[in-house]
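Order-wise, the sequence lines are chains A and B.
Heads up, the first sequence stops at 170 in this note's numbering, and the numbers go up one at a time, no gaps.
Heads up, the second sequence stops at 1293 in this note's numbering, and the numbers go up one at a time, no gaps.
Data block below; observations after.
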Amino acid sequence: MTTYVRGAIIAVLIVATVTLQVSVFSHFSINGVVPDLALLVVIAAALVRGPNYAALVGFAAGLVLDLAPPADHTAGRWALSFVLVGYLTGLAKADSDTTVPGTLLMVAAGAFIGTSVFALTGLVLREPGVDVASALEVLPVAVGYDVLLTPLVIPLVLLLFRRLEPAERW
Amino acid sequence: MRPSFEPRKSRAGLGLLLLACVTIITLDARHGEQSSPVDPLRTAVGTVLGPTERAATSLLRPVTSIPEYFGHVDELRDANRELAADNAALVSQLRAADANAIRDDAVAGIARLADTSGYDVVGAQVIGTGPAQSFSRAVTIDAGSHDGVMPDLTVVNADGLVGRVVSVTTQTATVLLIIDNDSTIGGRLGDSTELGFLAGDGSLDGDGTLELSLVDHTESPVEGDDVLSWGSRGGAPYIAGVPIGEVVDVRSSPAELTETAAVDPFVDFSSLDVVGVVTAVDGRPPADQAVGR
């Protein structure tokens, strides 16, 4: 499989993920909080291919999330969050083997970091609607929902990433 | 960060990506309300994702209606339906009984809206909803510049005012809901014609309310008053006479001269589906009306 085909498959994966998140899971929201499928994809990338690659996937997924309608916040904020999440979870993964509790912990930490960094950039940029109170309200729900969906989503995405390229280097 | 078993190039890559993010944020943030250099990119992504979102919405409708189904299975279903019907009947009775000359005007406005003789309405469906994690209350609808939708047009549904269009692609448009923290609407009390401003509280679930503060400090809103849109000046986004909500709670604080009231919007924002974009009033674009051309 050439690099281009792999890139195209990951692009399709990201577009599909963001579509699901915006159009389908919005119907299953808890207090408006929707599971962050794109974040789960980034963490799966970190588990299979390490920090470097996950940061790149995080950048792409975050940017699509930033630009896809109905997003109207400053572009680049989700991208920044996901680059950090991808890189940090990739580093954490390098320390240990993939276990179920370990993965759940990584998703929880990733969701926490991702949502927090997004909220923090909003505070710094003085975006409307972002304040510490609403961030604290959203955070636990977002983390919990992402952990809840981990067993359903992560294995599928892991399988896809392993199919794309056997993990010989990482 | 961590001991240096990571290859050096990995950290260079990370640096590059972070730099790219910060650059995009800076480019987009600096331009504020004006068009930003990121907008073409946004339009491009919207053009790709609009049809995808539309397809996903219609394909997965049977699945996405599952939560509704579960909420309805037991006896609650019947009780709920009865209560809702009673409630709707009572509300319409209340609104009808209260009608006076001013309100007649407003009702005529709504009727015009309904039979589209006065307002040209483009029908559209909500195909995407922004998550609470983004702290913004906006939805995507499946009508765009192709259908004559432009930024700053009013969006309504059968119950009342939904929001305004903030950006469009050819196939889709982004609608900022009136409950967004960033949204302020001019409102008029149905019974006293007093003017006021309504600000959103950003909450999407059923108990989200708008905060009304009146311009005239000597007047105070009364519980049960209906609030209609006042219409904005200078081509700004809202047309006049669209029902917004009902005053549910009046608060006065001794520290401030003004009284504020909580307004419960007529529109249920947690289950938005079919909406209409008002593209013209009496055959003219709303912007022309607002400046009295």
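Beta carbons are placed, not taken as given, at the ideal position from N, Cα and C, and that holds for glycine.
DSSP-derived helix/strand/coil call for residue i
i, result
"residue 1156/B", "strand"
"residue 1026/B", "helix"
"residue 10/A", "helix"
"residue 68/A", "coil"
"residue 1077/B", "helix"
"residue 1001/B", "Here residue 1001/B scores only 44 on pLDDT, less than 50, and its place in the model should not be relied on; the value that follows carries that caveat. Coil, per DSSP."
"residue 1019/B", "helix"
"residue 1120/B", "strand"
"residue 1306/B", "No answer is possible for residue 1306/B: the residues shown for chain B start at 1001 and end at 1293."
"residue 1131/B", "coil"
"residue 1228/B", "strand"
"residue 1137/B", "coil"
"residue 1237/B", "coil"
"residue 1012/B", "helix"
"residue 1276/B", "strand"
"residue 89/A", "helix"
From the options, residue whose alpha carbon lies closest to that of residue i
i, options, result
"residue 56/A", "68/A, 38/A, 69/A and 73/A", "38/A"
"residue 158/A", "24/A, 103/A and 145/A", "103/A"
"residue 1217/B", "1169/B, 1057/B, 1252/B and 1159/B", "1252/B"
"residue 1053/B", "1040/B, 1142/B and 1181/B", "1142/B"
"residue 1041/B", "76/A, 134/A, 131/A and 127/A", "76/A"
"residue 110/A", "8/A, 165/A and 80/A", "80/A"
"residue 1022/B", "3/A, 23/A and 117/A", "117/A"
"residue 1056/B", "1272/B, 1128/B, 1029/B and 1139/B", "1128/B"
"residue 1269/B", "1249/B, 1239/B, 1200/B and 1191/B", "1200/B"
"residue 1180/B", "1038/B, 1210/B and 1195/B", "1210/B"
"residue 140/A", "115/A, 52/A, 160/A and 100/A", "115/A"
"residue 1153/B", "1178/B, 1136/B and 1135/B", "1178/B"
"residue 28/A", "1151/B, 1060/B and 1043/B", "1060/B"
"residue 1259/B", "1166/B, 1198/B, 1125/B and 1137/B", "1198/B"
"residue 1184/B", "1078/B, 1190/B and 1176/B", "1176/B"
"residue 83/A", "1187/B, 1151/B, 1019/B and 1230/B", "1019/B"
Amino acids of chain B, ordered along the chain, whose beta-carbon sits closer than 9 Å to that of residue i
i, result
"residue 127/A", "1029, 1135, 1136 and 1182"
"residue 76/A", "1020, 1021, 1022, 1023, 1024, 1025, 1026, 1027, 1028, 1029 and 1038"
"residue 142/A", "1131, 1132 and 1133"
"residue 116/A", "None at all; the shortest Cβ gap to chain B is about 10 Å."
"residue 133/A", "Ordered by position in chain B, no residue passes the 9 Å Cβ test against residue 133/A, which lies about 11 Å from the chain."
"residue 122/A", "1134 and 1135"
Close beta carbons around residue i, own chain, < 7 Å, minus the five adjacent residues each side
i, result
"residue 108/A", "143 and 147"
"residue 46/A", "54, 86, 89, 90 and 93"
"residue 1224/B", "1246 and 1247"
"residue 130/A", "119, 122 and 123"
"residue 1038/B", "1024, 1027 and 1028"
"residue 22/A", "68"
Under 7 Å from the C-beta of residue i: neighbouring residues of chain B
i, result
"residue 71/A", "1130 and 1134"
"residue 79/A", "1021 and 1024"
"residue 87/A", "1014"
Interface residues of chain A facing residue i [CB-CB closer than 8 Å]
i, result
"residue 1013/B", "52, 55 and 56"
"residue 1166/B", "72"
"residue 1202/B", "129 and 134"
Sequence-distant residues of its chain with Cβ nearer than 8 Å to residue i (five each side left out)
i, result
"residue 1017/B", "none"
Contacts that residue i makes with chain A (C-beta to C-beta distance below 7 Å)
i, result
"residue 1035/B", "Per Cβ cutoff of 7 Å: no residues; residue 1035/B is ~13 Å from chain A at best."
"residue 1127/B", "23"
"residue 1154/B", "The contacting residues do not exist; residue 1154/B stays about 17 Å from chain A at best."
"residue 1052/B", "15 and 19"
Contact list for residue i against chain A, beta-carbon separation under 9 Å
i, result
"residue 1056/B", "16, 19, 20, 22, 23 and 24"
"residue 1060/B", "20, 23, 24 and 27"
Cutoff 6 Å; reference residue i; Cβ partners in own chain excluding five residues on either side
i, result
"residue 25/A", "34 and 35"
"residue 1276/B", "1121, 1123 and 1156"
"residue 6/A", "164"
"residue 1261/B", "1212, 1221, 1247 and 1250"
"residue 1144/B", "1168, 1169, 1170, 1171, 1172 and 1173"
Chain B residues whose Cβ lies nearer than 8 Å to that of residue i
i, result
"residue 33/A", "1131, 1132 and 1133"
Exercise. Only counting runs of 3 or more residues, tell me where the beta strand (DSSP E) segments fall wholly within the region 1142-1191 of chain B, in order along the chain.
Key: 1154-1157, 1160-1168, 1173-1177 and 1184-1189
Quiz prompt | Any alpha helix (DSSP H) of 4 or more consecutive residues that is wholly inside the region 92-126 of chain A | solution = 100-124
Exercise. Just list the alpha helix (DSSP H) runs in the region 23-76 of chain A, keeping only unbroken ones of 4 residues or longer that don't cross its boundaries, in chain order.
Key: 37-49 and 51-67
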